[in-house]
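Student: I have a structure here, written as structure tokens, and I will follow up with some questions on it.
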Amino acid sequence: MSSMLELADRLWTGEADIAEHHPVGYFGELTEVPGGGAFLPGFANVSAFETSEGLVMFDTGSFATAQMVHDAIRGWTESCLHTVVFTHGHVDHVFGLPIWEREAVDRGWIPPIVVAHENMPGRFDRYRLTAGYNAAINRRQFQVDDLEWPTDYRYPDRTYRDSLELEVGGERLELHHAKGETDDYTWTWIPGRRTICCGDLFIWAVPNAGNPQKVQRYPREWSFALREMAELDAEVLLPGHGLPVVGAERVQAALCDSAALLESLVEQTLALMNDGESLDTILHSVEAPGELIEKPYLRPIYDEPEFIVRNIWRQFGGWYDLNPANLKPAPDAALAGELAALAGGGERLAERALELAEAGELRLAGHLAEMAALASPELEAAQRARAEVNERRAEHASSTMARGVFSAAARETRAKLPD
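Position one of the sequence shown corresponds to residue 3 (the numbering used here), numbered consecutively onward.
Now the structure itself:
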């Protein structure tokens with residue numbers, strides 16, 4: 003067994019800690035998996051299969067990893083690239099193709115065909131419209147200050163709506179659309195190899211169904227896709243992040259447990275919404291089942307159940323949270339100024355924020371630190387409190403999403419303070 007598959011086994015059993023081998027950002031060597039495919043973890047994973055007509059690849063990596071992906075696969079085979087299936091349109095999955103297309107021209111091969119769901123071109127169009135915003139939120143999420151967002155995309159050559167069956171070199175590929183992290187997902191069943199290429203529908207963590215800085219996710223529909231995959235007799239599950247899942251029993255557990263987690267969050271949230279409860283009440287009432295969230299492959303290390311609940315509310319209830327004050331709110335700075343005046347000034351708010359943080363009341367501390375900084379932007383003590391509280395929140399955050407936001411707030415505040 004390869005070292006990567008050995009690590010996957012240790013992660014599954016809990017002998018290794020998934021937080022120390024984070025599925026989003028994990029790099030490893032190309033490994034052959036049962037069924038004969040090649041699997042390459044490189045921030046976003048790439049899977050490849052040889053056929054008599056050439057390679058079929060699932061995703062191509064990002065512009066930062068394109069050369070690494072190409073070199074690794076070329077160390078495994080010299081077959082031409084025939085077909086690429088984009089599992090979804092996130093840029094870490096779809097930006098490795100130019101090097102393959104240049105190679106095809108240089109070698110006189112037919113250029114590879116790109117297949118994807120019909121919603122993907124619209125996603126690329128939206129990315130071009132919001133390049134500045136996407137650069138900002140991804141810098142914040144991943145704590146990378148110099149990240150630039152692309153505006154030039156490789157649109158698919160062939161799209162489909164619900165499902166599509168392809169045959170490449172005698173290999174049958176059954177493509178299925180799903181809504182999950184995005185609305186343009188494709189998961190693929192390769193029956194001859196008993197393999198599912200699922201993209202990010204499974205990532206060895208709580209499903210990324212709540213990202214607070216990104217557009218709508220679809221937790222309920224995501225669970226449908228997981229259940230549909232679980233009905234197949236799969237022996238190998240190749241995810242878009244994290245390591246392969248090998249063995250029919252483990253594949254079933256990965257898919258069904260992920261589905262059950264999403265189903266529970268959806269069921270609880272909708273029940274409270276139907277009872278007329280506010281978003282605030284729901285956020286502090288819904289809990290992920292402990293027997294699921296404690297699984298080594300369902301830890302909240304990238305996204306969090308609380309954020310998923312917000313996305314369920316947004317999908318089914320819009321943005322009004324049932325607090326009338328939030329329907330047409332005063333500017334944050336104006337509200338902060340009034341509360342600071344009542345409390346005795348921004349300095350007192352800052353002091354109390356630090357007291358709460360010291361006592362472990364980080365949520366309350368976050369509110370008061372933010373108000374202190376807004377009410378008294380010129381007050382160094384208020385800005386220092388904002389920085390310190392957000393640093394503490396980042397330190398205690400379990401997920402990439404929360405840690406990125408808190409860290410960015412702390413860094414931007416520290417940058418304004420005198421040395």
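Glycine included, every Cβ here is placed at the ideal spot set by N, Cα and C.
Note that the structure is a prediction, hence the values are computed from the model and not measured.
Since I believe D147 is in contact with H95 (beta carbons under 8 Å), could you give me their beta-carbon distance rounded to a whole number of angstroms?
Tutor: About 23 Å; that fails the 8 Å criterion.
Student: Is it true that the CB of F41 sits closer than 8 Å to the CB of L240?
Tutor: yes
Student: What beta strand (DSSP E) runs, 3 residues minimum, are completely inside the segment 179-263?
Tutor: 187-192, 197-201, 238-241
Student: Determine, using beta carbons only, whether E426 and L324 come nearer to each other than 8 Å.
Tutor: Outside the shown range of the chain (3 to 421) lies residue 426, about which nothing can therefore be said.
Student: What is the rounded straight-line gap between the Cα of L7 and the Cα of Y187?
Tutor: 26 Å
Student: By the three-class DSSP mapping on this structure, what secondary structure does Y162 have?
Tutor: strand
Student: Counting pairs of Cβ atoms below 8 Å between the segment 113-120 and the segment 149-163, do you hit three or more?
Tutor: yes
Student: For P307, which option in G278, A345, L267 has the closest C-alpha, if you only look at C-alpha atoms?
Tutor: L267
Student: Based on the DSSP secondary-structure assignment, which residues constitute the bridge partners of M59?
Tutor: A50, V86
Student: Compare the beta carbon distance of D305 and V407 with 8 Å and say whether it is the shorter of the two.
Tutor: no
Student: Given V93, which residues of its chain have a CB within under 7 Å of its CB, disregarding the five upstream and five downstream residues?
Tutor: S64, P152
Student: Going by beta carbon distance, what residues of the same chain come within less than 6 Å of H179, once the five residues before and after it are set aside?
Tutor: H119, D164
Student: At what residues does the beta strand (DSSP E) containing A118 begin and finish?
Tutor: Here the beta strand (DSSP E) through A118 covers 115-119.
Student: Can you tell me which of L203, M373, P214, A46 puts its alpha carbon nearest to the alpha carbon of E353?
Tutor: M373
Student: Could you tell me the boundaries of the alpha helix (DSSP H) in which F126 lies?
Tutor: DSSP places F126 inside the alpha helix (DSSP H), whose first and last residues are 122-131.
Student: Assuming H84 and V58 make a contact with CB atoms under 8 Å, what is their CB distance in whole Å?
Tutor: Rounded, the Cβ-Cβ distance is 6 Å, consistent with contact.
Student: Start and end of the beta strand (DSSP E) containing F41?
Tutor: For F41, the enclosing beta strand (DSSP E) covers residues 40-42.
Student: Please state whether DSSP places L168 in a helix, a strand or coil.
Tutor: strand
Student: Measure from the alpha carbon of E169 to the alpha carbon of each residue in E55, A345, S260, H24, then state which is nearest.
Tutor: E55
Student: Could you have a look at E382 and say whether DSSP puts it in helix, strand or coil?
Tutor: helix
Student: By Cβ distance, which residues of its chain are closer than 8 Å to V107, with the 5 residues on each side in sequence left out?
Tutor: P113
Student: Consult DSSP for L9 and reduce its assignment to one of helix, strand or coil.
Tutor: The DSSP-derived three-state label of L9 is helix.
Student: Could you give the distance in angstroms between the alpha-carbon of I389 and the alpha-carbon of V247?
Tutor: The sequence given here places Ala at residue 389; Ile does not occur at that position. Using only the alpha carbons, I get a separation of about 41 Å.
Student: How would you write the range of the alpha helix (DSSP H) that D108 sits in, first residue to last?
Tutor: Per DSSP, D108 belongs to the alpha helix (DSSP H) from 100-109.
Student: So does the segment 42-52 actually touch the segment 261-281, counting three or more Cβ pairs closer than 8 Å?
Tutor: no
Student: Whose C-alpha, out of S280, A404, G346, is nearest the C-alpha of W321?
Tutor: Relative to the Cα of W321, the nearest Cα in the group S280, A404, G346 belongs to S280.
Student: My guess is that S5 and E52 are in contact by the Cβ rule of under 8 Å, so how many angstroms apart are they, rounded?
Tutor: S5 to E52, Cβ: 23 Å. No contact.
Student: Could you give the DSSP three-state label for F29: helix, strand or coil?
Tutor: strand
Student: Between the beta-carbon of R142 and the beta-carbon of Q215, is there less than 8 Å?
Tutor: yes
Student: Quick check: the Cα distance between F204 and A384, rounded to an integer number of angstroms?
Tutor: 42 Å
Student: In three-state terms, what does DSSP make of R174?
Tutor: strand
Student: Fully enclosed by the segment 298-322, which alpha helix (DSSP H) runs are 4 residues long or longer?
Tutor: For the alpha helix (DSSP H) assignment, the uninterrupted runs of no fewer than 4 residues enclosed by the segment 298-322 are, from N- to C-terminal side, 307-319.
Student: Expressed to the nearest angstrom, what Euclidean distance is found between the alpha-carbon atoms of S225 and L264?
Tutor: 6 Å
Student: Please name the residue in G98, S378, D73 whose C-alpha comes closest to that of A336.
Tutor: S378
Student: If you draw a straight line from the C-alpha of P74 to the C-alpha of G278, how long is it?
Tutor: In the sequence on display, residue 74 carries Ala and not Pro. Cα-Cα distance, rounded: 54 Å.
Student: With distance defined between alpha-carbon atoms, name the residue in G201, H286, T415 nearest to E43.
Tutor: The amino acid at residue 43 is misidentified as Glu; the sequence shows Pro. Of G201, H286, T415, the residue nearest in Cα terms is G201.
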